[in-house]
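Chemist: This is the structure I want to talk about, given as C-alpha cells.
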Amino acid sequence: MAVKNIVKKNRYLDSVLLMLISNQIKELDGIVKASVMMGTDNNRALLEGDGLLLSEGKEAGANDLLIALLVKDNADLEVILEEIEKLLSQKKKVSEEKGSLIPKSMESALSIMSEANMVVISLPGDYARWEAEKALMKGLHVMLFSDNVSVEDEIELKTLAREKGLLLMGPDCGTSIINNVALGFANIVNKGNIGIVGASGTGIQEVTSLITNAGCGITQAIGTGGRDLSARVGGLTMTGALEALIEDKKTEIILLISKPPSPQVEDKILDILEGCPKPFIINFLGGDVEKSKRRGYKVAKTLEEAAYMAVAFVKKEDYKKIEFNYPLHEIKSLVEKEWSKFSKDQKYIRGLYSGGSVCEEANIVLDDLGILINSNAPIREELKLKNSKKSVEHSFVDMGDDEFTRGVPHPMIDFTLRKERIIEEAKDPECAVILMDVVLGLGVHENPAEEIASAVVKAKKIAEEEGRYLSVVVSITGTSKDPQNRDRQKKILHEAGVIVMPTNAQAARFSALVVRRES
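What follows is the structure in C-alpha cells.
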C-alpha cells in the first residue's frame, strides 16, 4: 500500500463539504483510507499520527485543501485522482448547469439579494472572524458555522452584535431554523407558535422534530454555539435570542435548551425570565432543576418532556407525563417478546449515538431508573470510560465526539465506524440491547436507515449463530417532511428487525425494561 498527498493551494471547503467528499472518496476503488481537510497545524498533526502525512502535505497551510490517501498497491492512481477532481468540481458544475450565479464576496451577494438581513459564514477561523464583523457592520444577523474562532473573538463579535441589535449565532453553530428555513444540520418542520433558543444542535433537532410529529410547529429555533453559556462569554446570544423571542408577536411560548450553563449565566437567564410576559419552559439537560423550580418556573428534565410540555400548551391541554406513546400492555408484550429470546448471560445495554445531547438524555433517563451508564460523556464522572472504543457493562458512546471525528466524517454522514461498532458489540455474549439514534434532515446521510439496517442484519446473525438473540432499539430524530422521510426510514428499520420508538427517551426506557426482563 502507498500513501499519497494532494495539496490544493488557496482552496477552501467548509466542514460539511469536507465530510461529504471524504465519504465519497472512500468509496472509490483502490482506496483504503481517505481524509480531506484544511491544512491547519492540528489537521496535519492528526494525519501525521495516522501515518498519512508526506513532505508535500507538510507544506500545506491553513487555507489550503489537503487530501491524504492510503491506496492499494494495484490501485490506478491516475483514475483515482481524476475522480477526486470530479468530486471537488461537482458543486461548481451543478451550479453552472442551473445557470446560477455564485457570488465571490459578501458585497456581490448583497448586490443580488439587497433585501437579505442574515448571512451564514463557513470559513477558516481567522477569516470567519473578519467576515462576521463585516456582516454585523452591514446590519446583518450572522450564523457562524465555523469553529476555530477564539473565545476572545467570540466575545468581541457578540458584544458588537448586541450593540447593533443583531444576533450572532455561533461560532460552531451547526443547527438553526430561521423563518422556517433549516440551516446546517436541521430538520424540515412545521410553522407554529413555539420559539426555541438552544446551545445544543441535536437537542434542537430532537425537540423541533417531536413538536412537528405531534402536529404543532415553531416560529424560530435559534442556535447559540456551544461556548455561549460559559462564564467568559456570558450567554450573550442566549439572552439576546430570548429577548427577541419575547418581542416576537408570533411566538406564544418559549423553550430554552442547553446543557447546564455556568452558575453566573444561569442566574442571568433566570433573572430575565423573571419578568417574561410569555410562558416558557427550561431544559438545561443534566442540570439542577431545583434552582429553577424554586422560582416557580416550568422545568423539563428531558428533551422529550420539553417538547411535549410545549405541545400541551399549544393544544390547550394539561401536560401529563407519559412513559410511552403506546398502550402499556402493548409495550409489556413487546418487551417480553424481546427478552424471552436472550441467553442467561445477556444483560447489558450498549448505546451508540451520533448526537451528544440525545446520548446524554438517554443516560439521564436510565440513571433515573437506577441503571448506571459508563460513557465517554458520563453524567457521573466516576463512570467515564477509560477507553471509548471498548464498552464496559452498560455503556453509551457519543460517536460524534471529537475523538471519533478527527480527520473523518461525522457519524451522521458516514456510518462506517458505527457499523463496525455494532458488529463488535454483537460479538459480546453479555450484550443484550444495542440502542441508537438515527438523525434525519439536511446535511446528513441520504438514507441512514439502510446503513444501520445492513449492519443490524449482520449483527443479529452473529448473535443467532452463537445461540443468542440481539435486541436493537432505535429512535428517529426527524419528520416525514425531511428528504429521507421518517416513515420510509422507519419501514426500512422494521424490516431489519429493529424496534423503533417514537422518542429518544422512550427508546431508552424500553431498553431498560428489556434488560430488566420485565413483564
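One gets the working numbering by counting positions in the sequence shown from 1 and adding 13 to each. Beta carbons are placed, not taken as given, at the ideal position from N, Cα and C, and that holds for glycine.
1) Would residue 250 and residue 264 be called neighbours here (beta carbons separated by less than 7 Å)?
2) Which same chain residues end up closer than 6 Å to residue 320 when comparing Cβ atoms and leaving out the 5 residues on each side of it in sequence?
3) Let me check understanding here. Comparing Cα to Cα, which of 241, 131, 194, 210 lies closest to residue 185?
4) Would you mind stating whether residue 255 and residue 295 have Cβ atoms separated by less than 7 Å?
5) Hey, residue 466 and residue 362 are a contact pair by Cβ (cut 8 Å); roughly how many whole angstroms apart?
6) Assign residue 121 to buried or exposed, taking buried as 16 or more other Cβ atoms, counted over all protein chains shown, within 10 Å of its Cβ.
7) Have a look at residue 54 and residue 500 and give me their C-alpha separation to the nearest angstrom.
8) Within the same chain, show all residues whose beta-carbon is closer than 6 Å to that of residue 317, passing over the 5 residues directly before and after it, in chain order.
9) Would you check if the distance between the CB atom of residue 209 and the CB atom of residue 191 is smaller than 7 Å?
10) Tell me whether residue 444 sits in a helix, a strand or coil according to DSSP, three-state version.
11) For residue 15, does the three-state DSSP call read helix, strand or coil?
12) Whole angstroms are fine: how far does the CA of residue 160 sit from the CA of residue 433?
13) Going by DSSP in three states, residue 112 sits in which element: helix, strand or coil?
14) Using DSSP's beta-bridge definition, name the partner residues of residue 154.
15) I'd like to know if the stretch 173-188 and the stretch 270-286 are in contact, where contact means that at least 3 CB-CB pairs between them fall below 8 Å.
16) What's the gap between the Cα of residue 37 and the Cα of residue 472?
17) Just to confirm, are residue 200 and residue 491 a CB contact at a threshold of 7 Å?
18) In angstroms with no decimal places, state the Cα-to-Cα distance between residue 408 and residue 513.
19) Would you kindly check if the distance between the Cβ of residue 488 and the Cβ of residue 520 is under 7 Å?
20) Could you give the uninterrupted runs of the alpha helix (DSSP H) lying entirely in the stretch 462-528, keeping only those of 4 residues or more?
21) With DSSP run on the structure shown, which of helix, strand or coil describes residue 2?
22) Please check the pair residue 212 and residue 171, which I expect to be a contact at CB under 8 Å, by giving their CB distance rounded to whole angstroms.
23) With 16 other CB atoms within 10 Å as the buried threshold, where does residue 522 fall?
24) Using alpha carbons as the reference points, say which of 425, 364, 412, 510 lies closest to residue 406.
25) Rounded C-beta distance between residue 396 and residue 387? I'm assuming under 8 Å.
26) Express the C-alpha separation of residue 508 and residue 163 in angstroms, rounding to a whole number.
27) Select from 383, 381, 401, 413 the residue whose C-alpha is nearest the C-alpha of residue 389.
28) Could you tell me the distance, in whole angstroms, from the CA atom of residue 101 to the CA atom of residue 73?
29) Would you mind reading off the limits of the beta strand (DSSP E) that contains residue 361?
30) Identify which residue in 301, 298, 257, 262 has its Cα closest to the Cα of residue 286.
31) May I have the straight-line CA-CA distance separating residue 65 from residue 83, to the nearest angstrom?
32) So what does DSSP say about residue 172, is it helix, strand or coil?
33) Grouping DSSP H, G and I as helix and E and B as strand, with all else coil, what is residue 457?
34) Name, in chain order, the residues that DSSP records as bridge partners for residue 231.
35) Fully enclosed by the stretch 177-226, which beta strand (DSSP E) runs are 3 residues long or longer?
36) When you compare each of 329, 98, 62, 51 to residue 75 by their alpha carbons, which one comes out closest?
Modeler: Result, derived from the coordinates:
1) In this structure, residue 250 lies away from residue 264, with their beta-carbon atoms at least 7 Å apart.
2) Closer than 6 Å at the Cβ level, and outside the excluded window around residue 320, lie 220, 223, 224.
3) Out of 241, 131, 194, 210, 241 has the C-alpha closest to the C-alpha of residue 185.
4) The criterion of a C-beta distance shorter than 7 Å is not satisfied by residue 255 and residue 295.
5) Actually they are not in contact, since the Cβ atoms of residue 466 and residue 362 sit about 20 Å apart, beyond 8 Å.
6) It counts as exposed.
7) Counting only the Cα atoms, residue 500 lies some 44 Å from residue 54.
8) So the qualifying residues of the chain are 516, 518.
9) No.
10) It is a strand residue.
11) It is a strand residue.
12) When rounded, the distance between both Cα atoms is 28 Å.
13) Low local confidence applies: a pLDDT of 44 at residue 112 is under 50, so the model's placement there is unreliable, and no value is given.
14) Note: residue 154 sits in a beta bridge opposite 131.
15) Segments in contact, no.
16) Cα to Cα, residue 37 sits roughly 25 Å from residue 472.
17) Against a cut-off of 7 Å, the Cβ pair of residue 491 and residue 200 comes out as a contact.
18) Answer to the nearest angstrom: the Cα atoms are 20 Å apart.
19) Judged by beta-carbon spacing, residue 488 lies within the 7 Å limit of residue 520, meaning their Cβ atoms are closer than that value.
20) Listed in chain order, they are 499-508, 517-528.
21) Lying before the first or after the last residue shown, residue 2 is absent from the chain, which here runs from 14 to 532.
22) Not quite, the Cβ-Cβ distance comes to about 13 Å (not below 8 Å), so this is no contact.
23) Counting other Cβ atoms within 10 Å of its Cβ, residue 522 reaches 16 or more and is therefore classed as buried.
24) Answer by Cα proximity: 364.
25) Rounded, the Cβ-Cβ distance is 5 Å, consistent with contact.
26) Distance from the CA of residue 163 to the CA of residue 508, rounded to the nearest whole angstrom, comes to 47 Å.
27) Nearest in C-alpha terms to residue 389, of all of 383, 381, 401, 413, is 401.
28) Computed Cα separation, rounded: 17 Å.
29) Residue range 361-366 is occupied by the beta strand (DSSP E) that includes residue 361.
30) Nearest option by C-alpha distance: 257.
31) Spanning the two alpha carbons is a distance of roughly 7 Å.
32) Reduced to three states, the DSSP call for residue 172 is helix.
33) Coil.
34) 207.
35) Counting whole runs of 3 or more residues, the stretch 177-226 contains the beta strand (DSSP E) stretches 188-191, 194-197, 204-211.
36) Of the candidates 329, 98, 62, 51, the one whose C-alpha sits nearest the C-alpha of residue 75 is 51.
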